[in-house]
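A.B. asks: Numbering-wise (this note's numbering), the sequence shown opens with residue 158 and increments by one.
The structure is given below, and queries will be raised subsequently.
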Amino acid sequence: MEVIVIGAGIGGILGALTMKSLGYDVFIFERGARIGGCATTFVKEGFRYNVGATTLPGLKPGFPMHRLLTLFGMEDKIKNTLIPEDLIVEVSFTPERSFCIFSDSERTCEEIARLFPGKGHKKFFAFIERTTKDILTTPVEYPLNWGRFSPWMVLKAVSKPQGLKLLPHLVLMKKRALSLLSSFYDSVPSELLSYFRAQTMIVGQVELERANALAFALSLGYFFTGISHCLRGVGGFLEGLAREIPVRLNSQVERVEKKNRGYVVHLKDGKLYAQNVLLSIPILENLSIFSSNQDIVKHFSRFTPKLSPYSAFVVYGRMKRQALGNFKAKHALIITDEPQNGWTSGYLYLSLLEQENSDFVTFTISTHTPLKLWFALNIDKIKEMKALLESKIIDTFIKRYSLDPNDIVEVFSATPYTFKRYVNRFSLGGFAASTDTPIWSIPNNFTPFQGLYLTCDHAFAGQGFIGIALGCLNLYQGLKG
Numbered sequence: 158m159e160v161i162v163i164g165a166g167i168g169g170i171l172g173a174l175t176m177k178s179l180g181y182d183v184f185i186f187e188r189g190a191r192i193g194g195c196a197t198t199f200v201k202e203g204f205r206y207n208v209g210a211t212t213l214p215g216l217k218p219g220f221p222m223h224r225l226l227t228l229f230g231m232e233d234k235i236k237n238t239l240i241p242e243d244l245i246v247e248v249s250f251t252p253e254r255s256f257c258i259f260s261d262s263e264r265t266c267e268e269i270a271r272l273f274p275g276k277g278h279k280k281f282f283a284f285i286e287r288t289t290k291d292i293l294t295t296p297v298e299y300p301l302n303w304g305r306f307s308p309w310m311v312l313k314a315v316s317k318p319q320g321l322k323l324l325p326h327l328v329l330m331k332k333r334a335l336s337l338l339s340s341f342y343d344s345v346p347s348e349l350l351s352y353f354r355a356q357t358m359i360v361g362q363v364e365l366e367r368a369n370a371l372a373f374a375l376s377l378g379y380f381f382t383g384i385s386h387c388l389r390g391v392g393g394f395l396e397g398l399a400r401e402i403p404v405r406l407n408s409q410v411e412r413v414e415k416k417n418r419g420y421v422v423h424l425k426d427g428k429l430y431a432q433n434v435l436l437s438i439p440i441l442e443n444l445s446i447f448s449s450n451q452d453i454v455k456h457f458s459r460f461t462p463k464l465s466p467y468s469a470f471v472v473y474g475r476m477k478r479q480a481l482g483n484f485k486a487k488h489a490l491i492i493t494d495e496p497q498n499g500w501t502s503g504y505l506y507l508s509l510l511e512q513e514n515s516d517f518v519t520f521t522i523s524t525h526t527p528l529k530l531w532f533a534l535n536i537d538k539i540k541e542m543k544a545l546l547e548s549k550i551i552d553t554f555i556k557r558y559s560l561d562p563n564d565i566v567e568v569f570s571a572t573p574y575t576f577k578r579y580v581n582r583f584s585l586g587g588f589a590a591s592t593d594t595p596i597w598s599i600p601n602n603f604t605p606f607q608g609l610y611l612t613c614d615h616a617f618a619g620q621g622f623i624g625i626a627l628g629c630l631n632l633y634q635g636l637k638g
């Protein structure tokens, strides 16, 4: 049986390999000129830049990406492209005040306690690490249920012997993050709370006050899942995986038409028939491709209000290698008290990428930005705001790390409209992980429509490598029978 995969981002590549491992004939169509989507790596004037995603998580044995790569038989093929990270990220509050996050909770706690002496850290982070491990390493097969999740379905799935350890964690999806914090701390230092806010927004796509406790725990536990740095960028890693699958670039799917048996996929230069279609695009922003099947549009439209209201503003640049001495790690979370009048979250995530030309490194600095503010601007105002934010972010970067401005030799940036142009989406990050959005309230990887499947951040289990890998594992278990 054949599967046409639409989209060659994280979900497209991992989803296609999942279907291939089940014995399906797979072919990917990608509208863009390169593989990776929001996780691509592009080349400008001979230098590589990560578009968005900059690390590869979930690689410890038993965690989602490790399980998938083992399933694909690709562990040995890609290990030389990855460097495991131990000191993962520096959390910077001022040029003089920062702490480092390591790959384990013990040393991370020591770092946090150095800056914030007090009780609660060790117990709290032990809980975070244990919860993250339980959730992400316990195989659970969710019933297909005609493509619909429900609380009872999830409860039934985790009530099986292999899922029993997950039962105590289910209540966290309806508990508020701040309530969880209060059970470990009498009070939280304001700077540490700012870190918690930033990390929850980055991973959970939601403000700390609205976040559910499980999403909060997994956001902080992200660094304990086995993080690696991709030598040729995250896009280079995905390109390595994609060598196992036929991919046709610059091939936009204009329409998908459901028939009594299978689907007709319409492209600019013709149409193809397939018994199965795997959607790996931000489907909730692209429902027009199902204009011939209003029942499909109606099914997915009810999930659209749950999408994150944020996009990203990203500054890219090239820097002289001699400036690397100013940094403790390849990644930094820069906490500021300047959200630029609501235009950014106030948190800047910095990643550095080494180059073949050893004289330079490139950097990616990203922050959340509310879509509604950009939608209210005309073209001239968009350009004006882009220049203003780029300038302020670079100024913060230079001051925070005492850089010589002359060491930064190139700077450019991307707005939500840039992402819409290149990856056909405004909203980045999928669903906001609030108490109103537990996993049973988002689309399943199996739809109510026979032969139509999802592996993207608009479906279980959400955004990023770990969320999409969990979705692929769910798909594999369901189709394996």
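Yeah, the Cβ is synthetic: ideal placement off N, Cα and C, and Gly gets one too.
(1) Check this for me: beta carbons of residue 383 and residue 217, under 7 Å apart or not?
(2) Cutting at 6 Å between CB atoms, please list the residues of its own chain near residue 395, excluding the five before and the five after it.
(3) Can you find the residues in the same chain that come closer than 6 Å, C-beta to C-beta, to residue 433, ignoring five residues on each side of it along the sequence?
(4) Looking at the secondary structure, which residues open and close the alpha helix (DSSP H) in which residue 221 lies?
(5) In chain order, which beta strand (DSSP E) runs of at least 3 residues are fully inside the segment 240–309?
(6) Anyone know if the C-beta pair for residue 262 and residue 282 falls short of 7 Å?
(7) If residue 209 and residue 196 are in contact, beta carbons under 8 Å, what's the gap, nearest whole angstrom?
(8) According to DSSP, simplified to helix, strand and coil, what is residue 581?
(9) Ignore the nearest five residues each way along the sequence and tell me which others in residue 301's own chain have a CB closer than 7 Å to its CB.
(10) Report the residue from 442, 280 and 481 whose alpha carbon sits nearest the alpha carbon of residue 466.
(11) Can you list, in chain order, the stretches of the beta strand (DSSP E) that have 3 or more residues and sit fully within the segment 371–421?
(12) Just curious, the beta strand (DSSP E) that residue 476 is in, first and last residue?
(13) What does DSSP give as the partner residues of residue 200 in its beta bridges?
(14) Among 248, 373, 430 and 510, whose alpha-carbon lies nearest the alpha-carbon of residue 358?
(15) Measure from the alpha carbon of residue 590 to the alpha carbon of each residue in 469, 330 and 450, then state which is nearest.
(16) Give me, in chain order, the residues of the same chain whose beta-carbon lies closer than 6 Å to that of residue 277; leave out the 5 immediate sequence neighbours on both sides.
(17) If you draw a straight line from the C-alpha of residue 544 to the C-alpha of residue 327, how long is it?
(18) Do you know how far the Cα of residue 211 is from the Cα of residue 548?
(19) Below 8 Å on the Cβ atoms is my guess for residue 503 versus residue 495; work out the distance and round it to an integer in Å.
(20) Rounded to a whole number of angstroms, what is the C-alpha to C-alpha distance between residue 334 and residue 289?
(21) Is it the case that the Cβ atoms of residue 507 and residue 489 are separated by a distance below 7 Å?
(22) Terminal residues of the continuous beta strand (DSSP E) containing residue 525?
(23) If you compare alpha carbons, which of 438, 257, 241 and 296 is closest to residue 579?
(24) State yes or no: is the C-beta of residue 221 within less than 7 Å of the C-beta of residue 627?
(25) Short of 8 Å in beta carbon distance, which residues of its chain neighbour residue 577, apart from the five on each side in sequence? Order them along the chain.
(26) Please report the straight-line C-alpha distance between residue 428 and residue 587, rounded to a whole angstrom.
(27) Kindly give me the distance between the Cβ atoms of residue 600 and residue 460, rounded to whole angstroms, as I take these residues to be in contact under 8 Å.
C.D. replies: For this structure:
(1) On the sequence shown, position 226 is the one that residue 383 refers to. On the sequence shown, position 60 is the one that residue 217 refers to. Contact flag set, yes.
(2) Looking up residue 395 in the sequence shown gives position 238. The answer, listed in chain order, is 170, 192 and 193.
(3) Your numbering for residue 433 matches position 276 in the sequence shown. Same-chain partners within the cutoff: 160 and 608.
(4) Here residue 221 corresponds to residue number 64 of the sequence shown, with the count starting at 1. Element bounds for residue 221: 221–229.
(5) 244–249 and 255–259
(6) As a working note, residue 262 is residue 105 in the sequence shown. As a working note, residue 282 is residue 125 in the sequence shown. It is a contact, given that the beta carbons lie within the stated cut-off.
(7) Residue mapping note: residue 209 aligns to position 52 of the sequence shown, counting from 1. Residue mapping note: residue 196 aligns to position 39 of the sequence shown, counting from 1. The pair is a contact, with the Cβ atoms about 6 Å apart (cut-off 8 Å).
(8) Position 424 of the sequence shown, counting from 1, holds the residue named residue 581. Here residue 581 sits in coil by DSSP.
(9) Against the sequence shown, residue 301 aligns to sequence position 144. Summary for residue 301: the model assigns pLDDT 47, below 50, so the residue's position carries little reliability, and this model does not support an answer.
(10) Here residue 466 is taken as the residue at index 309 of the sequence shown, counted from 1. Per the Cα distances, 442.
(11) 385–387 and 410–415
(12) Reading the sequence shown from its first residue, position 319 is the one you call residue 476. Here the beta strand (DSSP E) through residue 476 covers 467–477.
(13) Locating residue 200 in the sequence shown gives position 43, where the first residue counts as 1. Answer by DSSP bridge pairing, in chain order: 205.
(14) Residue 358 sits at position 201 when you count from the first residue of the sequence shown. The residue with the shortest Cα to Cα distance from residue 358 is 373.
(15) One-based indexing of the sequence shown puts residue 590 at position 433. Out of 469, 330 and 450, 330 has the C-alpha closest to the C-alpha of residue 590.
(16) By 1-based counting over the sequence shown, the position of residue 277 is 120. 341 and 342, listed in sequence order.
(17) Within the sequence shown, residue 544 is the residue found at index 387, counting from 1. Within the sequence shown, residue 327 is the residue found at index 170, counting from 1. Looking at the two C-alpha atoms, the distance is approximately 45 Å.
(18) Position 391 of the sequence shown, counted from the start, is the residue given in the question as residue 548. Position 54 of the sequence shown, counted from the start, is the residue given in the question as residue 211. Approximately 22 Å between the Cα atoms of the pair.
(19) Stepping through the sequence shown from its first residue, residue 503 is reached at position 346. Stepping through the sequence shown from its first residue, residue 495 is reached at position 338. So it is a contact: roughly 6 Å between Cβ atoms.
(20) Position 177 of the sequence shown holds residue 334. Position 132 of the sequence shown holds residue 289. Approximately 15 Å, taken between the alpha carbons.
(21) As a position in the sequence shown, residue 507 is number 350, starting the count at 1. As a position in the sequence shown, residue 489 is number 332, starting the count at 1. Going by C-beta atoms, residue 507 is nearer than 7 Å to residue 489.
(22) Numbered from 1 along the sequence shown, position 368 holds the residue referred to as residue 525. From DSSP, the beta strand (DSSP E) with residue 525 extends over 517–527.
(23) As a first step, residue 579 must be located in the sequence shown, where it is residue number 422. Nearest C-alpha to residue 579: 438.
(24) Along the sequence shown, read from residue 1 onward, the residue named residue 221 stands at position 64. Along the sequence shown, read from residue 1 onward, the residue named residue 627 stands at position 470. Taking 7 Å as the Cβ cut-off, residue 221 and residue 627 qualify as a contacting pair.
(25) In the sequence shown, residue 577 corresponds to position 420, counting from 1. Counting only Cβ-Cβ distances below 8 Å, and skipping sequence neighbours, we find 583.
(26) Counting from one through the sequence shown, the residue named residue 428 turns up at place 271. Counting from one through the sequence shown, the residue named residue 587 turns up at place 430. Roughly 29 Å separates the two Cα atoms.
(27) In the sequence shown, counting from the first residue as 1, residue 600 sits at position 443. In the sequence shown, counting from the first residue as 1, residue 460 sits at position 303. Residue 600 to residue 460, Cβ: 6 Å. Contact.
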